[in-house]
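Converting from the sequence shown to the numbering used here requires adding 1204 to each position, the first position being numbered 1. Glycine included, every Cβ here is placed at the ideal spot set by N, Cα and C. Treat the numbers as computed from the prediction; the structure is a model and nothing was measured.
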Amino acid sequence: MGNLYLFIFLALLAEIAGTVGGFGSSLFFVPIASYFLDFQSVLGITALFHVSSNISKIAFFRKGINTMLIIYLGIPAVLFVIVGAWITQFIATRILEITLSIFLIIISVFFLYFKNIKIQPTKLNAISGGTVSGFVAGLVGTGGAIRALVLSAFNLQTDVFIATSAIIDLGIDASRSLVYWHNGFVHNHDLYLIPILLVVSIIGTYIGKKILNHVSEKQFKKIVLILILLTGIFTLYKLIQ
1205 MGNLYLFIFL ALLAEIAGTV GGFGSSLFFV PIASYFLDFQ SVLGITALFH VSSNISKIAF
1265 FRKGINTMLI IYLGIPAVLF VIVGAWITQF IATRILEITL SIFLIIISVF FLYFKNIKIQ
1325 PTKLNAISGG TVSGFVAGLV GTGGAIRALV LSAFNLQTDV FIATSAIIDL GIDASRSLVY
1385 WHNGFVHNHD LYLIPILLVV SIIGTYIGKK ILNHVSEKQF KKIVLILILL TGIFTLYKLI
1445 Q
């Protein structure tokens, strides 16, 4: 029971950090959950958790969406998340975990070092970003950081950014949930976590929205990236050991 409470608390922190940082909660939740569940179960639970998480974000940040980005970024993301999720059944779990930890390290160092990097706000970049973020999300469970990088190029207001990202992510997670279910990654004995994580997603999104009203997103994002870097290093160290 103590482990369950710790799991819920860490999932709440992941949801808050994902909302404020703009990366999505899976960047934290996947490595956190891997300490409590096997990695295939983590992929399945994360996809289902994110469905409720994104519905919460759409409800809290519903002031506006960018239809063009939903089409040009969202459709490729949904198509390629299916490809990435389908491939997971053919790759050893340990390799997927190592890939995740390396991805966390690379993406956090990239954002910390190239903090002023700018991507041109073109339709081609939106399509490319959707393709890569979708495939990575299907393969290792999280691709929100790549999507956030592309979305930031279009200078969206905070509410529009989060709502647009959440709608795209909702399509991604609904699609990969079906593939993970087909792969056998969604286990009946883990389904009791879904209603718990639904409540966590609502509370975490609400707290994240309140934090955004008082804390600089830039400062908070730097803290989140450092924590992601440390998480990636610690996860890789654990796997090597």
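Going by beta-carbon coordinates alone, are residue 1368 and residue 1270 separated by less than 8 Å? yes
Mark residue 1446 as exposed unless 16 or more other C-beta atoms lie within 10 angstroms of its C-beta, in which case mark it buried. Residue 1446 cannot be examined here, being either before or after the span of the chain that is shown, 1205 to 1445.
Taking only three categories from DSSP, how would you classify residue 1212? helix
Nearest-angstrom Cα distance between residue 1213 and residue 1279? 33 Å
Backbone CA spacing between residue 1250 and residue 1438 [nearest angstrom]: 20 Å
Helix, strand or coil for residue 1361, going by three-state DSSP, please let me know. coil
Helix, strand or coil: how does DSSP classify residue 1241 here? DSSP places residue 1241 in coil when its eight states are reduced to three.
So is residue 1409 buried or exposed if we call it buried at 16+ other beta carbons inside 10 Å? buried
Using CA coordinates, which residue listed in 1293, 1425, 1230 and 1208 is at the minimum distance from residue 1376? 1230
What number of angstroms, rounded off, separates the C-alpha of residue 1339 from the C-alpha of residue 1208? 30 Å
Are there 16 or more other CB atoms within 10 angstroms of the CB of residue 1351, so buried, or fewer, so exposed? buried
Segment contact, 8 Å Cβ cut-off, at least three pairs: the segment 1389 to 1403 with the segment 1241 to 1257: yes
Under 8 Å by Cβ, that's how I've got residue 1285 and residue 1379 pegged, so tell me the actual separation to the nearest angstrom. 5 Å
Counting only runs that start and end within the segment 1244 to 1322, where is the beta strand (DSSP E) found for 3 or more residues in a row? none
Cβ neighbour criterion (16 or more within 10 Å) applied to residue 1327: By the neighbour-count rule (16 or more Cβ atoms within 10 Å), residue 1327 is not buried but exposed.
Taking the straight line between their C-alpha atoms, what separation do you get for residue 1183 and residue 1258? Coverage of the chain is limited to positions 1205 through 1445, which leaves residue 1183 absent and any answer about it impossible.
Between the Cα of residue 1218 and the Cα atoms of 1353, 1244, 1406 and 1387, which residue gives the shortest distance? 1406
Would you call the CB atoms of residue 1226 and residue 1366 closer than 8 Å? yes
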